Amino acid sequence: MLRPLSPQPGEYIRGHAGRLSLWNGFLSAEELLVFLCRRAKKERGAGFSSHVYQLMAPFSELDPQRYLTEHSLLPFCRIGTREDDVFDYHGPTGGQSRSAWMQPKDGAYLCPDCVASDERTRGFSYWRAFHQLPGIDACAAHGKALAVVKRADAFDRPPGSWADARPVNDQLVSLRTTPAVDRYETIAYAFMSRGHRVHRLVAAQCIGMRVAEIGVQTERNGSQFTLADCIREAFPAAWLEAHYPRLYGSEKSKKIVAVNAACSGSIVDGIVYAMALAATFSTSMEAINVFYATQGAAPEVRVSAIKSVKLSTRRDRLLPCYIANEGRVTCIAKALGVSHVTVSYQLRSVGLPPLGRVPELDRQRVIAFLSRASESELDHWAAAGSNIDAL
Ligand SMILES: [Zn+2]
11 MLRPLSPQPG
21 EYIRGHAGRL
31 SLWNGFLSAE
41 ELLVFLCRRA
51 KKERGAGFSS
61 HVYQLMAPFS
71 ELDPQRYLTE
81 HSLLPFCRIG
91 TREDDVFDYH
101 GPTGGQSRSA
111 WMQPKDGAYL
121 CPDCVASDER
131 TRGFSYWRAF
141 HQLPGIDACA
151 AHGKALAVVK
161 RADAFDRPPG
171 SWADARPVND
181 QLVSLRTTPA
191 VDRYETIAYA
201 FMSRGHRVHR
211 LVAAQCIGMR
221 VAEIGVQTER
231 NGSQFTLADC
241 IREAFPAAWL
251 EAHYPRLYGS
261 EKSKKIVAVN
271 AACSGSIVDG
281 IVYAMALAAT
291 FSTSMEAINV
301 FYATQGAAPE
311 VRVSAIKSVK
321 LSTRRDRLLP
331 CYIANEGRVT
341 CIAKALGVSH
351 VTVSYQLRSV
361 GLPPLGRVPE
371 LDRQRVIAFL
381 SRASESELDH
391 WAAAGSNIDA
401 L
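Residue numbers (the numbering used here): 11 to 401.
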């Protein structure tokens, strides 16, 4: 009879398996799993096959789905889904019985300060799932460089037992102060703590629209400006070289046009989605809110929700300049330092009519309305075609 052992908060599933195996007198997690698998087949028939997390969950005192969500890296690694069930990490094909075991980084990562604090307060140290995420080089709690153990059996022993753990490159840790890297970290943690998936199609639309918007703002509209360009501009080259070399450098072959194309070739969805959001939104909070707000609704609703978020944000950004220049395209273009064509496009896309050729009295009426209108009055007026005569 095996003795159960509850996982610690945020404990990585492989580390928990290591502790559980030691606790029950096995030499390694592998040995424990082989034993559990044989026992399950004996009890339920030779054809029975079970996912690793389903075999482990009974000893965690959590239900299997919760165990998987809170302790594996799947909420990050498998965030994009083509299915409607946002909590199913395996999909109908099954087969990937070891995907809960997924370890995207090479080596086992620990924070020396977390280890010291665990040993002081709990009497033992444990492996944290957050530290194993791709693109994470430092502990969010202590701000210090993570250290890595490159041994196949690293997770079979507590992190504190490896005296030869080597800290990651200092330069990588210093890149955390770059805004995009900082946003990436917050977004990656949000993927883990929210614990549910997003539809790939919706995610691609959400990010694709942001890329198009940035392309317009920087006057590089059209097929030339891609998601890869956004990511390369936002992230330091050294960070990309270490974590996603596919995007490092600038050769044409490394271009990625759409986020779904980026993900189809990647074993880890999370890094691509988190990079895309960090590169295209100016705050991680906005990125997370928009990304999750559009999930779960019917496809048409999702699209219109993305559009309305984008529309009102862009309109709010343009409105003060529009009012100050009384809707004259030439003056707005001059004030913003962009071309006449860009301003016309932007005004049209947010429902603000160009007022250069509108009679003086009508122009004053529009400006007076826009200066005092509430958000919903503006939405209604724009939705009805921004008709000047209606004011
Ligand atoms: Zn720490």
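Glycine residues also receive a C-beta, built at the ideal position from the N, C-alpha and C atoms. This structure is a prediction, so every number in the text was calculated from the model and none was measured.
Between which two residues does the beta strand (DSSP E) carrying Y119 extend? Residue mapping note: residue 119 aligns to position 109 of the sequence shown, counting from 1. Per DSSP, Y119 belongs to the beta strand (DSSP E) from 118-120.
Residue range of the beta strand (DSSP E) that V300 falls in? Taking the sequence shown and counting its residues from 1, one reaches residue 300 at position 290. Per DSSP, V300 lies in no beta strand (DSSP E) segment; the continuous alpha helix (DSSP H) that holds it begins and ends at 294-303.
Excluding five sequence neighbours on each side, which residues of the same chain lie with their C-beta closer than 7 Å to the C-beta of P17? In the sequence shown, counting from the first residue as 1, residue 17 sits at position 7. H26, S70, H81, listed in sequence order.
In chain order, what are the residues with a CB under 7 Å from some non-hydrogen atom of ligand 1? With 7 Å as the limit between CB and the heavy atoms of ligand 1, the residues that fall short of it are C121, D123, C124, C149, A151, H152, K154.
Can you look up H81 in the DSSP assignment and give me helix, strand or coil? On the sequence shown, residue 81 is found 71 positions in, with the first residue counted as 1. Note: H81 maps to helix in three-state DSSP.
Determine the burial state of G153: buried for a count of at least 16 other Cβ atoms within 10 Å of its Cβ, exposed for fewer. Taking the sequence shown and counting its residues from 1, one reaches residue 153 at position 143. Of the other Cβ atoms in all chains shown, fewer than 16 fall within 10 Å of the Cβ of G153; this residue is therefore exposed.
Taking the beta carbon of D399 as the centre, do at least 16 other beta carbons fall within 10 Å, making it buried, or is it exposed? Position 389 of the sequence shown holds residue 399. That one is exposed.
For the stretch 105-179, list the beta strand (DSSP E) runs that are entirely contained and at least 3 residues long, ordered along the chain. If we require 3 residues or more, the beta strand (DSSP E) runs fully inside the stretch 105-179 come out as 118-120, 157-159.
Does DSSP classify V44 as helix, strand or coil? For the purposes of this step, residue 44 is taken as residue 34 along the sequence shown, with counting starting at 1. V44: helix per DSSP, three-state reduction.
Euclidean distance between Cα positions of A383 and P122: For this step, residue 383 is matched to residue 373 along the sequence shown. For this step, residue 122 is matched to residue 112 along the sequence shown. If I take the Cα positions, the gap works out to 56 Å.
In chain order, each alpha helix (DSSP H) run of at least 4 residues that lies wholly inside the stretch 184-254: Runs found: 189-204, 210-227, 237-244, 247-253.
Can you tell me where the alpha helix (DSSP H) with L32 in it begins and where it stops? Sequence index remark: in the sequence shown, residue 32 carries index 22 (1-based). Run containing L32: 23-33, per the alpha helix (DSSP H) assignment.
Proximal residues to S135 (C-beta, below 6 Å), its chain only, five neighbours per side dropped: Counting from one through the sequence shown, the residue named residue 135 turns up at place 125. Hits under 6 Å: V125, D128, E129, P168, P169, G170.
In angstroms with no decimal places, state the Cα-to-Cα distance between R76 and A343. By 1-based counting over the sequence shown, the position of residue 76 is 66. By 1-based counting over the sequence shown, the position of residue 343 is 333. R76 and A343 have their alpha carbons spaced roughly 53 Å apart.
For a test of the three-state rule: what should DSSP assign to G280, helix, strand or coil? Here the question's residue 280 lines up with position 270 in the sequence shown. G280: helix per DSSP, three-state reduction.
Cβ shell of Y355 (< 7 Å), same chain only, five flanking positions each side left out: Position 345 of the sequence shown, counted from the first residue, corresponds to residue 355. Excluding residues up to 5 positions away in sequence, V226 lie with their Cβ nearer than 7 Å to the Cβ of Y355 in the same chain.
Relative to the C-alpha of L362, which residue among L328, I298, R24 is closest? Sequence index remark: in the sequence shown, residue 362 carries index 352 (1-based). Per the Cα distances, L328.
Candidates G28, W33, P330, of which the one nearest A39 by Cα: Within the sequence shown, numbered from 1, the residue matching residue 39 stands at position 29. Closest by C-alpha distance to A39, out of G28, W33, P330, is G28.
Our contact map puts Y199 next to L156 with C-beta atoms below 8 Å; I'd like the distance itself, whole angstroms only. The residue labelled residue 199 in the question sits at position 189 within the sequence shown. The residue labelled residue 156 in the question sits at position 146 within the sequence shown. Between L156 and Y199 the Cβ distance is about 14 Å, and since that is not below 8 Å, they are no contact.
Nearest-angstrom Cα separation, counted from L46 out to F245: Indexing the sequence shown from 1 puts residue 245 at position 235. Indexing the sequence shown from 1 puts residue 46 at position 36. Distance between the alpha carbons of F245 and L46: 44 Å.
Can I89 and F201 be called in contact, C-beta distance under 9 Å? The residue given as residue 89 occupies position 79 in the sequence shown. The residue given as residue 201 occupies position 191 in the sequence shown. For I89 and F201, yes; Cβs fall inside 9 Å.
Roughly how many angstroms separate the alpha carbons of L182 and F140, rounded to a whole number? Residue mapping note: residue 182 aligns to position 172 of the sequence shown, counting from 1. Residue mapping note: residue 140 aligns to position 130 of the sequence shown, counting from 1. Here the C-alpha atom of L182 lies approximately 17 Å from the C-alpha atom of F140.
What's the C-alpha gap between P144 and I197? Along the sequence shown, read from residue 1 onward, the residue named residue 144 stands at position 134. Along the sequence shown, read from residue 1 onward, the residue named residue 197 stands at position 187. Their backbone Cα atoms lie some 12 Å apart in a straight line.
Contact under 9 Å by Cβ, T91 with R207: For the purposes of this step, residue 91 is taken as the residue at position 81 of the sequence shown. For the purposes of this step, residue 207 is taken as the residue at position 197 of the sequence shown. The answer is yes: Cβ separation under 9 Å.
Among the residues of its own chain, which have a CB less than 8 Å from the CB of L185, if the five just before and after it don't count? Here residue 185 is taken as the residue at index 175 of the sequence shown, counted from 1. Cβ within range, chain order: D147, V191, P246, A248, W249.
Which one or two residues does DSSP pair with G90 in a beta bridge? By one-based count along the sequence shown, residue 90 stands at place 80. By DSSP's assignment, G90 forms a beta bridge with V208.
For E385, which residues in the same chain have their Cβ closer than 6 Å to its Cβ, ignoring the five residues on either side in sequence? By 1-based counting over the sequence shown, the position of residue 385 is 375. Its chain contains no residue whose beta carbon lies nearer than 6 Å to that of E385 once the 5 sequence neighbours on both sides are disregarded.
Can you tell me where the alpha helix (DSSP H) holding E387 begins and where it ends? Taking the sequence shown and counting its residues from 1, the one referred to as residue 387 is at position 377. That run of the alpha helix (DSSP H) goes 385-393.
Can you grab the Cα-Cα spacing for the pair S109 / L211, in whole Å? Mapped onto the sequence shown, residue 109 falls at position 99. Mapped onto the sequence shown, residue 211 falls at position 201. S109 and L211: Cα-Cα distance of roughly 23 Å.
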